[in-house]
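Be aware that the sequence shown starts at 1183, since it is given in my numbering, and climbs by one per residue. All residues carry an ideal CB built from backbone N, CA and C; glycine is no exception. I have placed the structure first, in the form of structure tokens, so that the comments after it can refer back to it.
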Amino acid sequence: MDGVNQAACHAIERAKDDLFKVSQDIWFHPEETFQEHHAHKALTVFLEKYGFNVAKHFHLRTAFRAVLGDGNTGNHVAVPCEYDALPEIGHACGHNLISEVGVAASLGIKATFEYVGKPVGKFITCIDSQTSHYIFYRGNVRFLGKAAHASVSPWEAVNALDAAVLCYQRVYNKKEGTKPNIIQEETELEFYIRAPTKVELTVLVGKVQQSFESAAISTGCRAEIHWSTRPYLNAVKNFTVADIYKINAKYRVPDGSNTSIGSTDMGNVSQVVPSIHPMFYIGSTSFSRTRDFTTATGDPIAQPFTLAQGKALAMTALDILSNPANLEKVKDEFNKAIHPIA
């Protein structure tokens, strides 16, 4: 390990107690999406303590940007932090550890800036802590009919629940009505639609839209259909960055057989800048999004793996910023992926 990487790893190791404290603080105070006020404060206070220029409430009340280096010169690298939790079961996705990885990598990069005596580029903490991620779209349909008593005058009714059931049979997700002896006047369903790319999603959304409309027509209801305006796009993995990361990773790196399928707003980021989204082992065999995994993400056993991930990401960023050949290869791959030649 050369002096630059040693400086990064030593900085992370020196701060391991503080890193664990901030991770635990977030774990003990789980907050849902866009409500992460406690986590926002914990992370921004931490980064300010370690010398970052922090912009709090950056565009969103619970977002921030911490900057190191000259924004007008050099190349930029960003390390996003994710710190929201799930309803009821807390940090079952390990975002307390992901945010710890982000700030740990930040400290490592900062230490190398100081080691070489000047920034080698601009660093922003806001590489996210490899899954295959599909493009994700949220759709909402409300069926409006006419209520009536089921035994007294059912012929007067236009059954919105029938429309919902017909729709559910086509796309498998349902929110139901209330009392069994009243024909439902209104029902509402929410759907998550995933596809590998924008092309497949467009086709799938068209089919689902037809299901909404045909269910309404079949039952005499009126359908109010709303689609999300900002879908989660499919992730574009940069294999050059991923290969550099794998060289720097010291613990288990998932292979293709361990790949999970999901959706993330990191996919949107990867459509704009070269990105990776690596997973890491935390010392548990529990599955993500379970109560057992929530327990595992708060266990000190996860710390050595988390610190190792922070070190690997810091060294990955440095290998790209300090090596023009690596940087050009990253950019070239990204441009070909985003703007392929027909």
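- One Cα belongs to H1222, the other to K1511, and the distance between them is close to 35 Å.
- Between P1456 and F1516, the gap from beta carbon to beta carbon is short of 8 Å.
- With contacts defined as CB atoms closer than 8 Å, L1289 and I1194 qualify as a contacting pair.
- C-alpha of G1284 to C-alpha of H1521: approximately 29 Å in a straight line.
- Of the residues assessed, N1430 falls on the buried side of the cut-off, its CB having 16 or more other CB atoms within 10 angstroms.
- Contact between H1277 and E1296 is ruled out by a C-beta separation of about 29 Å, above the 8 Å threshold.
- Within 10 angstroms of the beta-carbon of A1494 lie 16 or more other beta-carbons, which makes it buried.
- It is roughly 11 Å from the alpha-carbon of L1503 to the alpha-carbon of T1294.
- In this structure, the CA atom of C1403 is about 7 Å from the CA atom of N1341.
- The three-state reading of DSSP puts F1234 in coil, since its state is none of H, G, I, E or B.
- DSSP places H1192 within a helical segment (H, G or I) once states are collapsed to three.
- Less than 8 Å divides the Cβ of A1274 from the Cβ of R1473.
- A1417 and H1258 have their alpha carbons spaced roughly 20 Å apart.
- In this structure, the beta-carbon distance from V1249 to F1234 falls below 8 Å.
- The alpha carbon of D1425 has as its nearest neighbour, out of E1395, I1458, R1412, E1406, the alpha carbon of I1458.
- Restricting attention to P1506, G1256, S1393, the CA atom closest to the CA of V1323 is found in S1393.
- Non-local beta-carbon contacts of H1408 in its own chain, meaning distances under 6 Å to residues more than five positions away in sequence, involve N1322 in chain order.
- By the criterion of a C-beta distance shorter than 8 Å, V1298 is surrounded in its chain by V1186, once the five residues flanking it on both sides are discounted.
- Shortest Cα-Cα distance from L1201 to any of V1381, G1480, I1399 involves G1480.
- It is roughly 14 Å from the alpha-carbon of K1238 to the alpha-carbon of K1231.
- Here K1380 is exposed. Its C-beta has fewer than 16 other C-beta atoms within 10 Å.
- Following the DSSP letters along the chain, one finds I1280 inside the alpha helix (DSSP H) bounded by residues 1277-1298.
- Bounds of any beta strand (DSSP E) do not take in T1411, whose DSSP letter is neither H nor E.
- For T1477, the enclosing alpha helix (DSSP H) covers residues 1473-1479.
- Cα atoms of W1209 and S1281: separation of roughly 11 Å, rounded to the nearest angstrom.
- In this structure, T1498 and Y1427 form a Cβ contact; the two beta carbons are roughly 5 Å apart against a cut-off of 8 Å.
- Between the C-alpha atoms of Q1453 and I1375 there is a straight-line separation of about 19 Å.
- Note on F1469: under 16 other CB atoms within 10 angstroms of its CB, so exposed under the neighbour-count rule.
- With respect to F1325, E1270 sits apart: the two C-beta atoms are not nearer than 8 Å.
- Judged by their CB atoms, L1371 and A1377 are not nearer to each other than the 8 Å cut-off.
- Rounded to the nearest whole angstrom, the CA to CA distance from V1236 to K1513 is 28 Å.
- Take the alpha-carbon of L1279 and the one of Q1485: they are about 8 Å apart.
- Non-local beta-carbon contacts of A1519 in its own chain, meaning distances under 7 Å to residues more than five positions away in sequence, involve V1418 in chain order.
- Within 10 angstroms of the beta-carbon of I1464 lie 16 or more other beta-carbons, which makes it buried.
- Closest in C-alpha terms to A1287, from the list F1216, P1262, A1397, L1509, comes P1262.
- V1204 and L1225 have their C-alpha atoms roughly 7 Å apart.
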